[in-house]
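Okay, so the sequence shown: first residue is 2 according to our numbering, each after it adds one. Quick notes on the structure that follows.
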Amino acid sequence: MPRAVDGTRRKDRRKKILDHAKGFWGRRKSNFRAAKDSVSKALMYAYRDRRAKKREFRKLWIARISAACRAEGISYSRFINGLNKANITINRKVLSNMAIEDPAAFKQLVEKAKSSLEA
2 MPRAVDGTRR KDRRKKILDH AKGFWGRRKS NFRAAKDSVS KALMYAYRDR RAKKREFRKL
62 WIARISAACR AEGISYSRFI NGLNKANITI NRKVLSNMAI EDPAAFKQLV EKAKSSLEA
């Protein structure tokens, strides 16, 4: 009975890990044992951070909107509440972009939010 060897499967598996480790520092890019652990950890971080990125951007948009609102003399929470009462549905990404690129339009939104809060 002939001896069974692993064939190319072992080499292919190792090559795949080492290809993923391209650009890593030191032994991690060329030594399979070190690369295996580093790639595994990197994939876990990538999975986690794809979700965290969404939270981070939302925080950034809120901070930008808040700063623009403060300049107009209203707090972020009162601004959002005013928009909701005025039935204006614009997401935070667009509001943030508007505050930076089109301050005049943002100012109009702030005025609408203020008037709907008073009513």
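Don't be surprised by glycine CBs; every beta carbon is placed ideally from N, CA and C.
Rounded separation between I91 and L110 - CA only: 10 Å
F80 - containing alpha helix (DSSP H), residue span: F80 -> alpha helix (DSSP H) spans 77 to 86.
Beta-carbon proximity of E24 to K30, cut-off 8 Å: Sequence check: residue 24 is Gly here, not Glu. Closer than 8 Å, so yes.
Where the alpha helix (DSSP H) containing V40 begins and where it ends: Per DSSP, V40 is one residue of the alpha helix (DSSP H) stretching across 33 to 72.
Inter-residue CB distance, R65 and S97 (contact presumed, cutoff 8 Å): 4 Å
Burial state of S39, where buried means 16 or more other Cβ atoms lie within 10 Å: buried
Residue environment, A68, which counts as buried when at least 16 other CB atoms sit within 10 Å: exposed
Whether N82 touches L118 by CB criterion (8 Å): With respect to the 8 Å criterion, N82 and L118 are classified as neighbours on the basis of their beta carbons.
Pairwise C-alpha distance: R59 and K94: Those two C-alpha atoms are separated by around 7 Å.
Among S116, I75, K42, P104, nearest to I89 - alpha-carbon criterion: S116
Cα-Cα separation, W26 to K108: 49 Å
Among A114, R51, N32, G74, nearest to L19 - alpha-carbon criterion: N32
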